[in-house]
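Structure first, commentary second.
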Amino acid sequence: MSAVAHIDEYKTGKLFTDENRGDLSWNGYETNVLLRNRGIVVREGRNIPVFSDVAMALGTDDPGDARGIALLDFDHDGDLDIAINHNPGDTGRTSDIPAILYENRVGQKRNWLAIDLEGVKSNRDAVGAKIQLVAGKLSLFRHVQGGSAYAGQMTQRIYFGLDQQERVDSLTVTWPSGLVERFTSLEVNHSIHIVEGQNLVTPGETEPQSSPGGGM
Ligand SMILES: [Ca+2]
Ligand SMILES: [Ca+2]
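At position 188 of the sequence shown the residue is numbered 209 (my numbering), and the sequence of numbers has no breaks.
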C-alpha cells in the first residue's frame with residue numbers, strides 16, 4: 022500500500038491501525054529513483070547542481086520496499102553496479118523478498134580508473150583521504166568515507182569514470198595525516214594501489230566483495 026497513492030486515508034491516521042495495515046509495511050512502496058548527475062549550472066550567479074531521475078528510462082523504477090543499497094563492481098569490468106535489499110516488513114521473511122542486482126551495461130564502454138589507498142601514518146583504510154584527478158577536460162574529486170549508506174556498505178575502492186579520456190594527467194592524494202602525494206601520466210582502465218608515503222603506484226588486487234545490509 023502506498024502512502025502517496027492513499028494520501029487522504031493517510032491523513033486520517035486510518036492506515037496506522039492493525040486492521041488496515043495487517044502484517045504489511047504501510048509505506049515505502051514508492052518506485053525507486055535513480056538520479057543522473059548533470060553537473061553544475063550557474064543561475065543568478067550561484068552554482069546549482071542538477072540531477073534528472075532516469076529510473077524509468079533505465080528500468081530501475083522498482084516498486085519494492087527498498088532499504089539497503091551498495092555500489093560495487095561485482096563483475097570486475099571497471100564500472101559500478103548496484104545491489105539493493107528490501108524491507109520484509111513485520112514478517113521478517115527476507116527470503117520472500119530477494120535482493121536485486123543491477124548490472125551497469127554502459128560503464129564498460131568508457132574509460133575508468135580504480136584506486137585502493139592504504140594508510141601508514143594515517144588510518145589503514147585511509148578514511149578521510151581526498152583524491153583529485155585531472156584527465157583532459159575532466160577534473161574529478163573523491164573523498165574516502167568510512168560509511169556510505171543506510172543499511173548497506175559500499176566498496177572502499179575509489180572509482181573514477183573517465184568518459185573517453187585515455188590518460189590521467191594528474192592524481193593528487195591528500196592523506197588524513199596531511200601528506201600530499203601527486204602522480205602524473207597514469208594509464209587508464211585498471212585498478213591501482215597506493216601506500217601512503219611510498220610515492221609509488223602499483224597494480225591493484227582483486228576487488229573485495231561488498232554487499233548491502235540485511236532487510237530492516
Ligand atoms: Ca561492473
Ligand atoms: Ca559493466
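Built from N, CA and C at the ideal position, the CB exists for glycine as well.
Note that the coordinates shown come from a computational prediction; the quantities given were computed from them, not determined experimentally.
Measure the CB-CB distance between residue i and residue j and report whether it falls below 8 Å.
i              : j                : result
alanine 156    : valine 189       : yes
leucine 7      : phenylalanine 95 : Because the chain spans 22 through 237 in this model, residue 7 falls outside it and cannot be assessed.
asparagine 108 : alanine 120      : no
methionine 175 : alanine 91       : yes
aspartate 100  : asparagine 68    : no
glutamate 202  : glycine 140      : no
glycine 85     : isoleucine 118   : yes
Please classify residue i: is it buried, with 16 or more other beta-carbons within 10 angstroms of its beta-carbon, or exposed?
i              : result
glutamine 219  : exposed
aspartate 39   : exposed
asparagine 132 : buried
serine 9       : Only positions 22 to 237 of the chain appear in the structure, and residue 9 is not among them; the question remains open.
serine 116     : exposed
With a threshold of 6 Å on Cβ separation, who are the neighbours of residue i within its own chain once the five nearest residues in sequence on each side are excluded?
i                 : result
glycine 234       : In this predicted model, glycine 234 has a pLDDT of only 46, less than 50, meaning its place in the structure is not dependable enough to derive any value.
glycine 149       : Pro197
serine 212        : Ala135 and Gly225
serine 231        : Because the pLDDT of serine 231 is 46, which lies under 50, any placement of that residue in the model is unreliable, and the question is left without a value.
threonine 223     : His214
phenylalanine 204 : Leu192 and Val222
lysine 158        : none
arginine 163      : Ile152 and Ile179
Please work out which residues of its chain come closer than 8 Å, Cβ to Cβ, to residue i, disregarding the five sequence neighbours upstream and downstream, and give them in chain order.
i             : result
valine 165    : Leu138, Asp146, Ala147, Val148, Gly149, Ala150, Lys151, Ile152, Gln177 and Ile179
serine 73     : Leu56, Arg57 and Arg59
glutamine 185 : Arg131 and Asn132
valine 209    : Asn132, Trp133, Leu134, Ala156, Leu183, Gln186, Glu187, Arg188 and Val189
glutamate 168 : The identity of residue 168 in the sequence shown is glycine, whereas the question assumes glutamate. For glycine 168, where only same-chain residues beyond five positions count, the Cβ hits under 8 Å are Gln174.
leucine 207   : Leu134, Arg188, Val189, Leu192, Ile213 and Val222
lysine 142    : Trp196, Ser198, Leu200, Glu217 and Gly218
Going along the chain, which residues of its own chain have a beta-carbon closer than 7 Å to the beta-carbon of residue i, five neighbours each way excluded?
i             : result
asparagine 53 : Ala76, Thr81, Asp82, Asp83 and Ala87
tyrosine 123  : Thr81, Asp102 and Ile103
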